[in-house]
Amino acid sequence: MRATLQSAIHELHARIRRSRTWVAVLACLLFVLYEPLVEYVSDSPHLRRGAGAPPARSTTTTTSTAPSRARPAPAHQRVAARPSTTRPARRRARAPPDAYVAHVLSRAPLVLYVEGFLSEAERAHLFDVSEPLFEPSTVTSDGAATRREAAVRDSEVALVPRTAPVRCLERRAAALQGWRADLWVERLRTQRYRGPAGHYAHHFDWGSGARGLGGGGFSSVRQLRWMVTGLFSEIDSGQGKLTLVMPAVAWVHADEDLEGGGTELPLLRWRADRKRWCERWLECPPLPPPEDGDGEDERFEDYVGATFRAVPGNAVFWENFRPDGTGVGWEESWHAGLPVKRGVKVGLNIWSWGRL
């Protein structure tokens, strides 16, 4: 009887050892395959590490080209070959060639105006998939709770499904910022502003306070407040903090009779060909007559404040934080969606997280 009991105990110990071995093997497999599996089945954007080459240097205007790949893509971005007996691999949608042109309005902070960021077909797709999903927009002042406050923000927002065209837009936005070693493009959102009152009051995307600039500073980082740490918008990537470094607004739709609805950065200092910018992209007050016979065509002066027109298909990108690693935000990123006086405007919000 005793021998039988000892034999049973030894057998039990052996089974436990074997089960531990299998658990260890499964844990290793899960560790190795976690990111590819998440990329395969997830409906969330992924973290891009070291992807994309720096854009061509230019002092005024750059034209996009297909990004070169100097090294293999990270494992979590690859689509591995799968046996025919398993579920077919989700193939990455083939995006059309980029055809946008980026213009530099400011270097510090970096502000880019991008012509042709969205094609007509992409705008129509975004409009169609967003229409049934729009809901009233909210604001937050502490990152912990949201509320409706039409006096601050009067619009509708839709979390855009990650369809094949939308994934192409995510990659395009990431490639535009190819100089960043780590980048996360957040789920895209569309916002609809209706006249005569649709607007978003002046605010920072990077904090909940206005820092003495007249109040009304509400963080735009809502619905993802699990990513928010304190007053600054950060997520922990496992390799340090990633910060909301570069928001963007792309215009999906604007009625032909749209009046108002510009995107204003009232504290932005810029120096450029005012006539060129104001005729094409900015809303500008008239200038006084030139002095000393200088023509307006040749004026390169310092200006404060910029209001971007809502031109369908175009976009404006700007930096939130200084690139010196201090975590100090640019005061010039104080911005607003000005009231739509007449018509309807639909914009696309693109928020990018990166390491400072």
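In this text, residue positions in the sequence shown follow my numbering: the first is 2, and each later residue adds one. Glycine residues also receive a C-beta, built at the ideal position from the N, C-alpha and C atoms.
Run of the beta strand (DSSP E) containing residue i, from where it starts to where it stops
{"i": "PHE318", "result": "316-319"}
{"i": "SER353", "result": "345-355"}
{"i": "VAL112", "result": "111-116"}
{"i": "GLU370", "result": "In this structure the chain extends from 2 to 357, so residue 370 is not present and cannot be described."}
{"i": "LEU106", "result": "102-108"}
{"i": "ALA337", "result": "336-338"}
{"i": "ALA202", "result": "200-204"}
DSSP-derived helix/strand/coil call for residue i
{"i": "LEU189", "result": "coil"}
{"i": "LEU184", "result": "strand"}
{"i": "LEU288", "result": "coil"}
{"i": "THR5", "result": "helix"}
{"i": "GLU257", "result": "coil"}
{"i": "ALA249", "result": "strand"}
{"i": "GLU332", "result": "helix"}
{"i": "ARG16", "result": "helix"}
{"i": "GLY53", "result": "Note that GLY53 scores a pLDDT of 36, beneath 50, so its modelled location is shaky and nothing firm can be said."}
{"i": "ASP44", "result": "Caution applies to ASP44, whose pLDDT of 49 falls short of 50 and renders its modelled position unreliable; the model cannot decide the point."}
CB-CB length for residue i against residue j, believed under 8 Å
{"i": "ALA251", "j": "PHE118", "result": "5 Å"}
{"i": "VAL115", "j": "LEU106", "result": "VAL115 to LEU106, Cβ: 11 Å. No contact."}
{"i": "TRP331", "j": "ARG343", "result": "Wrong, their Cβ atoms sit about 32 Å apart, outside the cutoff."}
{"i": "GLY314", "j": "ARG124", "result": "6 Å"}
{"i": "ALA363", "j": "SER131", "result": "No answer is possible for residue 363: it lies beyond the span of the chain, which begins at 2 and ends at 357."}
{"i": "GLY306", "j": "PRO248", "result": "At roughly 18 Å, the Cβ-Cβ gap does not stay under 8 Å, so GLY306 and PRO248 are not in contact."}
{"i": "ARG163", "j": "VAL140", "result": "Between VAL140 and ARG163 the Cβ distance is about 25 Å, and since that is not below 8 Å, they are no contact."}
Through-space distance from residue j to residue i, alpha-carbon basis
{"i": "ALA152", "j": "ARG95", "result": "42 Å"}
{"i": "VAL161", "j": "ALA145", "result": "23 Å"}
{"i": "PRO98", "j": "PRO290", "result": "44 Å"}
{"i": "HIS203", "j": "ALA165", "result": "34 Å"}
{"i": "ARG149", "j": "ALA103", "result": "35 Å"}
{"i": "ASP256", "j": "TRP354", "result": "31 Å"}
{"i": "GLY51", "j": "GLY263", "result": "Summary for GLY51: the model assigns pLDDT 41, below 50, so the residue's position carries little reliability; its value from the coordinates is reported in the next sentence. Using only the alpha carbons, I get a separation of about 34 Å."}
{"i": "SER220", "j": "GLU171", "result": "Because the pLDDT at SER220 is just 32, under 50, the model does not fix this residue reliably, and the value given afterwards should be weighed accordingly. Approximately 22 Å, taken between the alpha carbons."}
{"i": "LEU339", "j": "THR308", "result": "9 Å"}
{"i": "THR5", "j": "ALA15", "result": "15 Å"}
{"i": "ALA273", "j": "CYS285", "result": "13 Å"}
{"i": "LEU184", "j": "TRP319", "result": "15 Å"}
{"i": "PHE128", "j": "LYS276", "result": "33 Å"}
{"i": "SER142", "j": "ALA198", "result": "22 Å"}
{"i": "ARG223", "j": "TYR101", "result": "Note that ARG223 has pLDDT 26, beneath the 50 cutoff, so the model's placement of it is unreliable and the number below is only indicative. When rounded, the distance between both Cα atoms is 29 Å."}
{"i": "SER334", "j": "TRP282", "result": "18 Å"}
{"i": "ALA175", "j": "VAL186", "result": "7 Å"}
{"i": "ASP258", "j": "TYR194", "result": "14 Å"}
{"i": "ASP303", "j": "GLU280", "result": "17 Å"}
{"i": "GLU260", "j": "VAL341", "result": "6 Å"}
{"i": "ARG356", "j": "SER156", "result": "31 Å"}
{"i": "TRP271", "j": "HIS336", "result": "15 Å"}
{"i": "GLN178", "j": "ASP206", "result": "18 Å"}
{"i": "GLY328", "j": "ASN321", "result": "10 Å"}
{"i": "GLY196", "j": "LYS346", "result": "9 Å"}
{"i": "PHE135", "j": "ASN350", "result": "14 Å"}
{"i": "GLN192", "j": "ALA316", "result": "14 Å"}
{"i": "PRO133", "j": "PRO287", "result": "41 Å"}
{"i": "SER138", "j": "ALA182", "result": "32 Å"}
{"i": "VAL253", "j": "ASP325", "result": "33 Å"}
{"i": "ARG188", "j": "GLU12", "result": "53 Å"}
{"i": "HIS200", "j": "ARG190", "result": "16 Å"}
{"i": "THR147", "j": "ALA122", "result": "34 Å"}
Check: residue i C-beta below 7 Å from any heavy atom of the ligand ADP
{"i": "PRO137", "result": "Among the components modelled here there is no ligand, and therefore nothing to report on the ligand ADP."}
Endpoints, the alpha helix (DSSP H) within which residue i is located
{"i": "ASP129", "result": "121-131"}
{"i": "VAL140", "result": "Looking at the DSSP string, VAL140 is not in any alpha helix (DSSP H), and its letter there is neither H nor E."}
{"i": "GLU278", "result": "One point to set straight first is that residue 278 is Trp, not Glu, in the sequence displayed. Unbroken alpha helix (DSSP H) run through TRP278: 275-281."}
{"i": "VAL167", "result": "165-177"}
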